[in-house]
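Here the structure is laid out as C-alpha coordinates; the discussion comes afterwards.
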Amino acid sequence: MSTIINTKLADHKGYKRLWMEGAKLTREGYRPGMRYDLEIKDTQVCLRICDSGKYKISKRERNGNVSPIIDLTAKELADIFDGIEMLRVAIKAGTIIVSAHHQHQQVKERVGRLLDKVTTGKPLKVCSLFHGGGILDKAVHQGLSEAGIASKLAIAVEIEGKYLDSSLRNNPELWDEDSLVVESPVQHVNLSRNPPQVDLLMGGIPCTGASKSGRSKNRLEFAESHEAAGAMFFTFLEFAKVLNPAMILIENVKDYLNTASMAVIRSVLATLGYQLHERVLDGCEFGVLEKRERLCVIAISEGVQGFDLDAVHPVRQKESCLGDILEDVAHDSPRWKSYTYLADKEERDKKAGKGFARQLLSEASESCGTIGRGYNKVRSTEPQLVHPTNPDLTRLFTPSEHCRVKGIPESVISGLSDTVAHEVLGQSVIFPMFQAVAKELGISISQWAMKATSSMPTEANAA
(Lines of atoms letter the chains of each structure in order from A and count residues from 1; the text may use other names and numbers.)
(Lines give C-alpha, C1' and ligand atoms only; values in the text may rest on other atoms or scores of the structure.)
Protein backbone atom coordinates (compact mmCIF):
# COMPACT_ATOMS: atom_id res chain seq x y z
CA MET A 1 0.00 0.00 0.00
CA SER A 2 1.01 3.62 -0.37
CA THR A 3 -0.35 7.10 0.27
CA ILE A 4 0.41 10.37 -1.52
CA ILE A 5 -0.01 13.75 0.15
CA ASN A 6 0.39 17.05 -1.69
CA THR A 7 0.94 19.62 1.01
CA LYS A 8 2.54 22.96 1.70
CA LEU A 9 5.70 23.46 3.70
CA ALA A 10 4.44 25.64 6.53
CA ASP A 11 6.20 28.20 8.75
CA HIS A 12 6.19 27.57 12.49
CA LYS A 13 8.00 29.87 14.94
CA GLY A 14 10.60 30.79 12.35
CA TYR A 15 11.16 27.22 11.15
CA LYS A 16 9.93 25.28 8.13
CA ARG A 17 7.45 22.67 9.25
CA LEU A 18 6.09 19.44 7.78
CA TRP A 19 3.01 18.12 9.61
CA MET A 20 1.34 14.76 8.97
CA GLU A 21 -1.34 13.16 11.11
CA GLY A 22 -4.04 10.52 11.16
CA ALA A 23 -5.23 7.29 9.61
CA LYS A 24 -3.11 7.71 6.50
CA LEU A 25 -0.05 7.12 8.72
CA THR A 26 -1.68 4.31 10.67
CA ARG A 27 -2.63 2.61 7.39
CA GLU A 28 1.02 2.41 6.41
CA GLY A 29 2.10 1.00 9.78
CA TYR A 30 3.33 4.11 11.57
CA ARG A 31 2.61 4.07 15.34
CA PRO A 32 3.14 6.57 18.17
CA GLY A 33 6.46 6.01 19.88
CA MET A 34 8.27 4.70 16.79
CA ARG A 35 11.54 6.44 16.01
CA TYR A 36 12.80 7.59 12.63
CA ASP A 37 15.74 9.38 11.08
CA LEU A 38 16.35 11.61 8.08
CA GLU A 39 18.32 10.72 5.00
CA ILE A 40 19.14 13.37 2.41
CA LYS A 41 19.06 11.92 -1.09
CA ASP A 42 19.63 14.39 -3.95
CA THR A 43 16.65 16.75 -3.79
CA GLN A 44 14.59 14.49 -1.52
CA VAL A 45 14.24 13.97 2.20
CA CYS A 46 13.66 10.35 3.29
CA LEU A 47 12.18 9.50 6.68
CA ARG A 48 13.17 5.95 7.65
CA ILE A 49 11.91 4.01 10.66
CA CYS A 50 14.81 2.86 12.85
CA ASP A 51 15.14 2.08 16.57
CA SER A 52 17.95 4.60 17.04
CA GLY A 53 16.30 7.40 15.08
CA LYS A 54 16.72 11.01 16.13
CA TYR A 55 13.02 11.79 15.84
CA LYS A 56 9.96 10.25 17.43
CA ILE A 57 6.38 9.80 16.20
CA SER A 58 4.10 11.55 18.67
CA LYS A 59 0.37 11.20 19.12
CA ARG A 60 -2.94 12.95 19.55
CA GLU A 61 -5.88 11.40 21.39
CA ARG A 62 -9.37 12.52 20.46
CA ASN A 63 -12.75 10.88 21.17
CA GLY A 64 -10.99 7.71 22.25
CA ASN A 65 -8.96 7.46 19.03
CA VAL A 66 -5.18 7.73 19.04
CA SER A 67 -3.61 9.23 15.91
CA PRO A 68 0.11 9.20 15.08
CA ILE A 69 1.71 12.58 14.33
CA ILE A 70 4.89 13.40 12.46
CA ASP A 71 5.82 17.01 13.20
CA LEU A 72 9.12 17.74 11.53
CA THR A 73 10.92 21.09 11.75
CA ALA A 74 14.41 19.95 10.78
CA LYS A 75 16.81 22.46 9.24
CA GLU A 76 17.21 20.17 6.22
CA LEU A 77 13.68 21.02 5.10
CA ALA A 78 14.52 24.70 4.78
CA ASP A 79 17.81 23.97 3.01
CA ILE A 80 16.48 21.57 0.39
CA PHE A 81 13.05 23.08 -0.22
CA ASP A 82 13.96 26.76 -0.12
CA GLY A 83 11.54 28.69 -2.34
CA ILE A 84 9.36 25.62 -2.94
CA GLU A 85 5.75 26.06 -1.89
CA MET A 86 4.20 22.67 -2.63
CA LEU A 87 5.61 19.29 -1.58
CA ARG A 88 4.83 15.73 -2.56
CA VAL A 89 4.90 13.25 0.33
CA ALA A 90 4.94 9.53 -0.59
CA ILE A 91 4.21 7.28 2.39
CA LYS A 92 5.03 3.57 2.40
CA ALA A 93 5.67 1.12 5.20
CA GLY A 94 9.07 1.98 6.65
CA THR A 95 9.85 4.98 4.42
CA ILE A 96 8.41 8.41 3.74
CA ILE A 97 9.88 10.34 0.78
CA VAL A 98 9.41 14.11 0.64
CA SER A 99 10.16 15.89 -2.65
CA ALA A 100 9.17 18.98 -4.55
CA HIS A 101 5.77 18.75 -6.18
CA HIS A 102 5.89 18.10 -9.93
CA GLN A 103 4.40 21.55 -10.55
CA HIS A 104 7.53 23.11 -9.07
CA GLN A 105 9.61 20.98 -11.41
CA GLN A 106 7.56 22.23 -14.34
CA VAL A 107 8.10 25.85 -13.29
CA LYS A 108 11.82 25.22 -12.86
CA GLU A 109 12.08 23.53 -16.26
CA ARG A 110 10.26 26.22 -18.24
CA VAL A 111 12.13 29.06 -16.55
CA GLY A 112 15.47 27.34 -17.11
CA ARG A 113 14.57 26.68 -20.74
CA LEU A 114 13.65 30.33 -21.32
CA LEU A 115 16.83 31.56 -19.62
CA ASP A 116 18.99 29.29 -21.77
CA LYS A 117 17.36 30.44 -25.01
CA VAL A 118 17.48 34.14 -24.22
CA THR A 119 21.13 34.02 -23.14
CA THR A 120 22.29 31.87 -26.07
CA GLY A 121 20.17 33.52 -28.76
CA LYS A 122 18.24 30.36 -29.65
CA PRO A 123 14.77 31.08 -31.11
CA LEU A 124 11.85 30.82 -28.71
CA LYS A 125 9.39 28.08 -29.65
CA VAL A 126 5.85 29.37 -30.11
CA CYS A 127 2.51 27.56 -30.16
CA SER A 128 -0.22 29.48 -31.99
CA LEU A 129 -3.83 28.43 -31.43
CA PHE A 130 -6.67 29.80 -33.58
CA HIS A 131 -3.86 30.88 -35.92
CA GLY A 132 -6.01 32.46 -38.64
CA GLY A 133 -3.82 34.16 -41.23
CA GLY A 134 -0.96 34.54 -38.74
CA ILE A 135 -1.36 38.28 -38.12
CA LEU A 136 -1.08 38.13 -34.33
CA ASP A 137 1.93 35.83 -34.75
CA LYS A 138 3.59 38.20 -37.20
CA ALA A 139 3.08 41.15 -34.84
CA VAL A 140 4.52 39.24 -31.88
CA HIS A 141 7.42 37.91 -33.96
CA GLN A 142 8.29 41.43 -35.11
CA GLY A 143 8.02 42.93 -31.62
CA LEU A 144 10.24 40.24 -30.10
CA SER A 145 12.72 40.66 -32.95
CA GLU A 146 12.94 44.40 -32.29
CA ALA A 147 13.87 43.52 -28.71
CA GLY A 148 16.58 41.15 -29.93
CA ILE A 149 14.63 37.93 -29.30
CA ALA A 150 14.28 35.36 -32.09
CA SER A 151 11.19 33.15 -32.36
CA LYS A 152 9.77 30.43 -34.60
CA LEU A 153 6.45 28.60 -34.70
CA ALA A 154 6.68 25.12 -33.21
CA ILE A 155 2.94 24.45 -33.60
CA ALA A 156 0.17 26.33 -35.38
CA VAL A 157 -3.44 25.13 -35.19
CA GLU A 158 -6.17 26.53 -37.44
CA ILE A 159 -9.46 25.01 -38.59
CA GLU A 160 -9.58 26.87 -41.94
CA GLY A 161 -7.12 25.53 -44.51
CA LYS A 162 -7.31 28.69 -46.63
CA TYR A 163 -6.11 30.81 -43.69
CA LEU A 164 -3.23 28.43 -42.96
CA ASP A 165 -2.22 28.45 -46.63
CA SER A 166 -2.19 32.24 -46.60
CA SER A 167 0.03 32.35 -43.50
CA LEU A 168 2.46 29.74 -44.87
CA ARG A 169 2.73 31.69 -48.12
CA ASN A 170 2.82 35.24 -46.75
CA ASN A 171 4.62 34.91 -43.39
CA PRO A 172 7.77 32.90 -44.20
CA GLU A 173 9.69 34.39 -41.27
CA LEU A 174 7.40 32.59 -38.79
CA TRP A 175 8.12 29.06 -40.01
CA ASP A 176 11.02 26.66 -40.24
CA GLU A 177 11.45 23.03 -41.27
CA ASP A 178 10.47 21.82 -37.80
CA SER A 179 7.18 23.74 -37.58
CA LEU A 180 4.13 21.52 -37.09
CA VAL A 181 1.10 22.73 -39.07
CA VAL A 182 -2.23 21.38 -37.80
CA GLU A 183 -5.40 21.98 -39.81
CA SER A 184 -8.03 21.02 -37.25
CA PRO A 185 -10.39 22.30 -34.58
CA VAL A 186 -8.18 22.82 -31.53
CA GLN A 187 -10.30 20.49 -29.39
CA HIS A 188 -9.51 17.58 -31.73
CA VAL A 189 -5.73 17.92 -31.49
CA ASN A 190 -4.09 14.94 -29.76
CA LEU A 191 -1.84 16.25 -27.00
CA SER A 192 -0.68 12.85 -25.78
CA ARG A 193 1.86 12.08 -28.52
CA ASN A 194 5.12 13.61 -27.29
CA PRO A 195 4.10 17.28 -27.61
CA PRO A 196 7.03 19.72 -27.74
CA GLN A 197 7.61 22.03 -24.80
CA VAL A 198 7.18 25.63 -25.97
CA ASP A 199 8.25 28.99 -24.61
CA LEU A 200 5.24 31.04 -25.67
CA LEU A 201 1.62 29.94 -26.09
CA MET A 202 -0.73 32.42 -27.67
CA GLY A 203 -4.07 32.81 -29.33
CA GLY A 204 -7.25 34.80 -29.65
CA ILE A 205 -9.78 32.52 -28.01
CA PRO A 206 -12.96 32.73 -30.16
CA CYS A 207 -15.11 35.53 -28.80
CA THR A 208 -18.44 34.85 -30.55
CA GLY A 209 -20.23 34.32 -27.26
CA ALA A 210 -18.40 37.04 -25.33
CA SER A 211 -19.03 40.09 -27.51
CA LYS A 212 -22.26 42.01 -27.05
CA SER A 213 -23.21 41.51 -30.69
CA GLY A 214 -22.45 37.79 -30.46
CA ARG A 215 -24.61 37.30 -27.37
CA SER A 216 -27.42 39.30 -28.92
CA LYS A 217 -27.29 37.52 -32.27
CA ASN A 218 -27.13 34.04 -30.71
CA ARG A 219 -29.50 34.88 -27.85
CA LEU A 220 -26.99 33.81 -25.21
CA GLU A 221 -27.23 34.56 -21.53
CA PHE A 222 -23.58 33.68 -20.96
CA ALA A 223 -20.52 33.62 -23.22
CA GLU A 224 -20.00 29.98 -22.24
CA SER A 225 -23.43 29.07 -23.65
CA HIS A 226 -22.19 29.36 -27.22
CA GLU A 227 -22.28 25.88 -28.76
CA ALA A 228 -19.02 26.15 -30.70
CA ALA A 229 -16.89 28.75 -28.88
CA GLY A 230 -18.13 28.56 -25.30
CA ALA A 231 -15.70 25.90 -24.07
CA MET A 232 -12.65 26.87 -26.15
CA PHE A 233 -10.97 28.37 -23.09
CA PHE A 234 -10.88 24.87 -21.56
CA THR A 235 -8.94 23.50 -24.54
CA PHE A 236 -6.59 26.49 -24.41
CA LEU A 237 -5.83 25.70 -20.75
CA GLU A 238 -5.18 22.06 -21.64
CA PHE A 239 -2.53 23.22 -24.10
CA ALA A 240 -1.01 25.40 -21.36
CA LYS A 241 -0.77 22.43 -18.98
CA VAL A 242 0.77 20.06 -21.53
CA LEU A 243 3.13 22.41 -23.39
CA ASN A 244 4.39 24.15 -20.20
CA PRO A 245 5.21 27.55 -21.75
CA ALA A 246 7.12 30.19 -19.81
CA MET A 247 4.80 32.86 -21.25
CA ILE A 248 1.19 32.96 -22.43
CA LEU A 249 -0.57 35.64 -24.50
CA ILE A 250 -4.36 35.84 -24.85
CA GLU A 251 -6.27 38.45 -26.82
CA ASN A 252 -10.02 38.91 -26.90
CA VAL A 253 -12.85 41.43 -26.92
CA LYS A 254 -12.86 43.66 -23.85
CA ASP A 255 -16.15 42.09 -22.66
CA TYR A 256 -14.21 38.84 -22.11
CA LEU A 257 -12.67 40.51 -19.07
CA ASN A 258 -15.77 39.84 -16.95
CA THR A 259 -16.78 36.39 -18.21
CA ALA A 260 -16.79 33.17 -16.22
CA SER A 261 -14.27 31.86 -18.77
CA MET A 262 -11.77 34.55 -17.83
CA ALA A 263 -12.33 33.90 -14.13
CA VAL A 264 -11.48 30.22 -14.68
CA ILE A 265 -8.43 31.15 -16.77
CA ARG A 266 -7.13 33.38 -13.96
CA SER A 267 -7.66 30.68 -11.35
CA VAL A 268 -6.12 27.81 -13.32
CA LEU A 269 -3.08 29.75 -14.53
CA ALA A 270 -2.40 31.02 -11.02
CA THR A 271 -2.55 27.43 -9.77
CA LEU A 272 -0.08 26.40 -12.49
CA GLY A 273 2.39 29.03 -11.32
CA TYR A 274 1.75 32.02 -13.59
CA GLN A 275 1.39 35.70 -12.79
CA LEU A 276 -1.26 37.46 -14.89
CA HIS A 277 -1.17 40.95 -16.39
CA GLU A 278 -4.36 42.32 -17.96
CA ARG A 279 -5.09 45.51 -19.88
CA VAL A 280 -7.69 46.74 -22.37
CA LEU A 281 -5.88 48.38 -25.31
CA ASP A 282 -7.37 50.69 -27.96
CA GLY A 283 -6.30 50.86 -31.58
CA CYS A 284 -6.27 54.66 -31.76
CA GLU A 285 -4.06 54.71 -28.65
CA PHE A 286 -1.57 52.48 -30.46
CA GLY A 287 -1.18 54.38 -33.68
CA VAL A 288 -3.97 53.26 -36.04
CA LEU A 289 -7.26 54.69 -37.27
CA GLU A 290 -9.52 51.83 -36.18
CA LYS A 291 -11.23 52.24 -32.81
CA ARG A 292 -10.85 48.63 -31.76
CA GLU A 293 -10.63 47.82 -28.06
CA ARG A 294 -9.09 44.48 -27.18
CA LEU A 295 -8.30 42.69 -23.96
CA CYS A 296 -4.64 41.69 -23.73
CA VAL A 297 -3.63 39.09 -21.13
CA ILE A 298 0.00 38.17 -20.53
CA ALA A 299 0.73 35.29 -18.14
CA ILE A 300 4.37 34.89 -17.11
CA SER A 301 5.81 32.04 -15.12
CA GLU A 302 6.85 32.48 -11.53
CA GLY A 303 10.58 33.04 -11.54
CA VAL A 304 10.53 35.46 -14.50
CA GLN A 305 10.33 39.03 -13.25
CA GLY A 306 10.22 42.51 -14.67
CA PHE A 307 7.36 42.66 -17.18
CA ASP A 308 4.80 45.44 -16.76
CA LEU A 309 1.90 45.55 -19.21
CA ASP A 310 1.09 49.10 -18.15
CA ALA A 311 4.56 50.13 -19.38
CA VAL A 312 3.73 49.17 -22.99
CA HIS A 313 3.73 52.27 -25.21
CA PRO A 314 2.92 52.85 -28.90
CA VAL A 315 5.52 52.04 -31.54
CA ARG A 316 3.71 53.80 -34.37
CA GLN A 317 2.36 57.31 -35.11
CA LYS A 318 -1.33 57.43 -36.06
CA GLU A 319 -2.34 59.05 -39.36
CA SER A 320 -4.29 62.27 -39.08
CA CYS A 321 -7.33 61.11 -41.11
CA LEU A 322 -8.64 58.39 -43.40
CA GLY A 323 -7.51 60.33 -46.45
CA ASP A 324 -3.92 59.46 -45.53
CA ILE A 325 -4.47 55.73 -46.09
CA LEU A 326 -7.04 55.57 -48.92
CA GLU A 327 -6.27 54.10 -52.32
CA ASP A 328 -6.95 56.09 -55.47
CA VAL A 329 -10.38 54.67 -56.32
CA ALA A 330 -11.91 56.34 -59.36
CA HIS A 331 -15.15 58.25 -58.85
CA ASP A 332 -16.84 56.03 -61.45
CA SER A 333 -15.49 52.76 -60.02
CA PRO A 334 -18.06 49.97 -59.55
CA ARG A 335 -16.95 49.86 -55.90
CA TRP A 336 -19.23 52.87 -55.33
CA LYS A 337 -22.79 51.63 -54.86
CA SER A 338 -26.18 52.81 -53.72
CA TYR A 339 -26.99 50.71 -50.69
CA THR A 340 -30.58 51.87 -50.38
CA TYR A 341 -31.55 48.78 -48.39
CA LEU A 342 -29.07 49.78 -45.68
CA ALA A 343 -30.54 53.28 -45.50
CA ASP A 344 -34.02 51.76 -45.23
CA LYS A 345 -32.87 49.39 -42.50
CA GLU A 346 -31.30 52.24 -40.56
CA GLU A 347 -34.58 54.12 -40.67
CA ARG A 348 -36.51 51.05 -39.46
CA ASP A 349 -34.03 50.48 -36.64
CA LYS A 350 -34.33 54.09 -35.50
CA LYS A 351 -38.11 53.87 -35.41
CA ALA A 352 -37.88 50.60 -33.46
CA GLY A 353 -35.52 52.24 -30.96
CA LYS A 354 -32.73 49.77 -31.66
CA GLY A 355 -30.00 52.39 -31.80
CA PHE A 356 -28.21 50.88 -34.81
CA ALA A 357 -26.76 53.40 -37.25
CA ARG A 358 -24.56 53.31 -40.31
CA GLN A 359 -20.94 54.46 -40.09
CA LEU A 360 -20.68 56.82 -43.02
CA LEU A 361 -17.20 58.30 -43.23
CA SER A 362 -15.26 60.72 -45.39
CA GLU A 363 -11.59 61.32 -46.17
CA ALA A 364 -11.54 63.85 -43.32
CA SER A 365 -12.72 61.33 -40.69
CA GLU A 366 -10.10 60.93 -37.97
CA SER A 367 -10.99 57.32 -37.09
CA CYS A 368 -13.31 54.45 -37.98
CA GLY A 369 -15.18 51.81 -36.03
CA THR A 370 -14.35 48.14 -35.83
CA ILE A 371 -14.25 46.20 -39.09
CA GLY A 372 -15.19 42.58 -38.50
CA ARG A 373 -14.75 39.21 -40.18
CA GLY A 374 -17.88 39.49 -42.34
CA TYR A 375 -17.12 42.96 -43.68
CA ASN A 376 -17.52 41.92 -47.31
CA LYS A 377 -21.16 41.01 -46.55
CA VAL A 378 -21.83 44.77 -46.26
CA ARG A 379 -23.36 44.82 -42.78
CA SER A 380 -25.27 47.89 -41.75
CA THR A 381 -23.19 49.03 -38.77
CA GLU A 382 -19.67 48.65 -40.18
CA PRO A 383 -17.82 51.62 -41.73
CA GLN A 384 -18.29 52.77 -45.31
CA LEU A 385 -16.86 55.70 -47.23
CA VAL A 386 -19.19 58.29 -48.77
CA HIS A 387 -18.55 59.25 -52.39
CA PRO A 388 -16.71 62.60 -52.68
CA THR A 389 -19.35 64.16 -54.94
CA ASN A 390 -22.45 61.93 -54.75
CA PRO A 391 -23.71 61.38 -51.17
CA ASP A 392 -26.06 58.62 -52.36
CA LEU A 393 -23.08 56.37 -53.13
CA THR A 394 -20.81 54.62 -50.64
CA ARG A 395 -18.17 51.91 -50.73
CA LEU A 396 -16.35 49.48 -48.47
CA PHE A 397 -12.70 49.85 -47.65
CA THR A 398 -10.52 47.87 -50.02
CA PRO A 399 -8.52 45.02 -48.44
CA SER A 400 -5.38 47.18 -48.60
CA GLU A 401 -7.19 50.02 -46.83
CA HIS A 402 -8.48 47.51 -44.27
CA CYS A 403 -4.85 46.54 -43.61
CA ARG A 404 -3.87 50.17 -43.19
CA VAL A 405 -6.58 51.10 -40.68
CA LYS A 406 -5.34 48.21 -38.51
CA GLY A 407 -1.64 48.88 -39.16
CA ILE A 408 -1.21 45.42 -40.73
CA PRO A 409 1.45 44.84 -43.40
CA GLU A 410 -0.34 44.41 -46.72
CA SER A 411 1.84 41.42 -47.58
CA VAL A 412 -0.27 39.20 -45.26
CA ILE A 413 -3.19 39.22 -47.72
CA SER A 414 -1.21 38.69 -50.91
CA GLY A 415 -3.06 36.41 -53.31
CA LEU A 416 -6.37 36.47 -51.40
CA SER A 417 -9.78 37.42 -52.75
CA ASP A 418 -11.50 40.43 -51.23
CA THR A 419 -13.83 38.17 -49.25
CA VAL A 420 -11.09 36.01 -47.71
CA ALA A 421 -8.81 39.00 -47.17
CA HIS A 422 -11.52 40.78 -45.15
CA GLU A 423 -12.15 37.57 -43.18
CA VAL A 424 -8.47 37.22 -42.29
CA LEU A 425 -8.17 40.89 -41.37
CA GLY A 426 -11.52 41.25 -39.63
CA GLN A 427 -10.82 38.51 -37.11
CA SER A 428 -7.23 39.58 -36.52
CA VAL A 429 -5.68 42.25 -34.30
CA ILE A 430 -4.37 45.79 -34.33
CA PHE A 431 -0.88 44.94 -35.51
CA PRO A 432 1.22 47.66 -33.81
CA MET A 433 -0.66 47.08 -30.55
CA PHE A 434 0.64 43.54 -30.16
CA GLN A 435 3.94 44.44 -31.76
CA ALA A 436 4.38 46.91 -28.89
CA VAL A 437 3.33 44.35 -26.28
CA ALA A 438 5.79 41.79 -27.65
CA LYS A 439 8.60 44.32 -27.82
CA GLU A 440 8.15 45.25 -24.16
CA LEU A 441 7.92 41.57 -23.28
CA GLY A 442 11.16 40.88 -25.15
CA ILE A 443 12.96 43.76 -23.47
CA SER A 444 11.81 42.64 -20.02
CA ILE A 445 12.89 39.01 -20.42
CA SER A 446 16.26 40.13 -21.83
CA GLN A 447 16.84 42.30 -18.77
CA TRP A 448 15.67 39.49 -16.48
CA ALA A 449 18.03 37.01 -18.15
CA MET A 450 20.94 39.42 -17.84
CA LYS A 451 20.33 39.88 -14.11
CA ALA A 452 19.80 36.16 -13.57
CA THR A 453 23.04 35.18 -15.27
CA SER A 454 25.08 37.94 -13.59
CA SER A 455 23.98 36.67 -10.17
CA MET A 456 25.03 33.08 -10.92
CA PRO A 457 28.30 31.98 -9.30
CA THR A 458 31.21 31.58 -11.71
CA GLU A 459 33.23 28.37 -11.75
CA ALA A 460 36.09 30.16 -9.98
CA ASN A 461 33.82 31.51 -7.26
CA ALA A 462 32.06 28.17 -6.93
CA ALA A 463 35.42 26.46 -6.43
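Residue numbering for the sequence shown follows our numbering, beginning at 639 and increasing consecutively. For every residue, glycine included, the Cβ atom is placed at its ideal position computed from N, Cα and C.
Which term fits M870, buried or exposed, when burial requires 16 or more other beta carbons within 10 angstroms of its beta carbon? buried
Given a cut-off of 8 angstroms on the beta-carbon distance, is the pair Y674 and Y653 in contact? no
Which residue or residues does DSSP assign as beta-bridge partners of N703? Looking at the DSSP assignment, N703 forms a beta bridge with R700.
Would you mind giving the Cβ-Cβ distance between V891 and L933, rounded to the nearest angstrom? I have them listed as a contact below 8 angstroms. 7 angstroms
Does the Cβ of N644 have 16 or more other Cβ atoms within 10 Å, making it buried, or fewer, making it exposed? exposed
For N1028, count neighbouring C-beta atoms within 10 Å of its own C-beta (all shown protein chains included) and say buried if the count is 16 or more, exposed if not. exposed
Answer yes or no: do T873 and Q835 have a C-beta to C-beta separation smaller than 8 angstroms? no
In this structure, does DSSP put E1020 in helix, strand or coil? For E1020, the three-state secondary structure derived from DSSP is coil.
Classify H650: buried if its beta carbon has 16 or more other beta carbons within 10 angstroms, exposed otherwise. exposed
Which whole-angstrom value is the C-beta distance of V1043 and Y801, which I expect to be below 8 angstroms? Actually they do not touch by this definition, with Cβ atoms about 20 angstroms apart.
When A661, R1017, E1078, D966 are compared against H915, the one with the closest alpha-carbon: E1078
Quick check: what's the CA-CA separation for G1064 versus L887? 20 angstroms
Taking Cβ positions, are C1041 and L881 nearer each other than 8 angstroms? With a cutoff of 8 angstroms on beta-carbon distance, C1041 and L881 are scored as not near each other.
Run through the stretch 707 to 741 for me and flag every whole alpha helix (DSSP H) of 4 or more residues, listed as ranges in chain order. DSSP assignment within the stretch 707 to 741 yields the following whole alpha helix (DSSP H) runs of 4 residues or more, N-terminal first: 713 to 718.
In three-state terms, what does DSSP make of N808? helix
Along the chain, where does the alpha helix (DSSP H) that runs through T645 open and close? Unbroken run through T645 is the beta strand (DSSP E), 641 to 646; no alpha helix (DSSP H).
Going by Cα to Cα distance, which pick from T1032, V935, D948 is closest to C970? For the record, residue 970 in the displayed sequence is Asp; it is not Cys. Answer by Cα proximity: T1032.
Starting from K763, follow its DSSP beta bridges and name the residues at the other end. Beta-bridge annotation (DSSP): K763 is paired with K790.
For L1034, which of helix, strand or coil comes out of DSSP? coil
Counted within 10 angstroms of its Cβ, other Cβ atoms place I1083 as buried (16 or more) or exposed: buried
Buried/exposed call for E1039, threshold 16 Cβ in 10 Å: With 16 or more other Cβ atoms within 10 Å, it is buried.
In whole angstroms, what is the alpha-carbon distance linking E928 and V756? 34 angstroms
Would you call the stretch 772 to 786 and the stretch 734 to 751 in contact, with 3 or more CB pairs under 8 angstroms? Judged by Cβ distances under 8 angstroms, the stretch 772 to 786 makes no contact with the stretch 734 to 751, as fewer than three pairs qualify.
According to DSSP, what are the bridge partners of G841? L767, I888
Note the first and the last residue of the continuous beta strand (DSSP E) segment covering W657. 653 to 659
Below 6 angstroms CB to CB, which residues in the same chain sit around S863 once its five sequence neighbours on both sides are set aside? Its pLDDT being 48, under 50, S863 is placed unreliably by the model, and the measurement read from it follows with that caveat. Correct list: empty, nothing qualifies.
Helix, strand or coil for L685 per DSSP? Note: L685 maps to strand in three-state DSSP.
Taking a contact to mean a Cβ-Cβ separation below 8 angstroms, would you say L715 touches L663 in this structure? Going by beta carbons, L715 and L663 fall outside the 8 angstroms limit.
Using the C-alpha atoms, what's the distance from G941 back to T733? The straight-line gap separating the alpha-carbon atoms of T733 and G941 is approximately 32 angstroms.
Thinking C-beta only, is H742 closer than 8 angstroms to I722? yes
When burial is assigned at 16 or more other CB atoms within 10 Å of the CB, is R930 buried or exposed? buried
Helix, strand or coil: which one does DSSP assign to H1025? coil
Within 7 angstroms: the Cβ of L1054 and any heavy atom of the ligand ATP? Absent from the structure shown: the ligand ATP. Ligands present: none.
Compare the C-alpha of S1055 against each of V1075, S804, A738 and name the closest. S804
Rounded separation between V795 and P823 - CA only: 8 angstroms
Measure the Cβ-Cβ separation of T978 and Q997 and say whether it is below 8 angstroms. No, Cβ-Cβ distance for T978 and Q997 is not below 8 angstroms.
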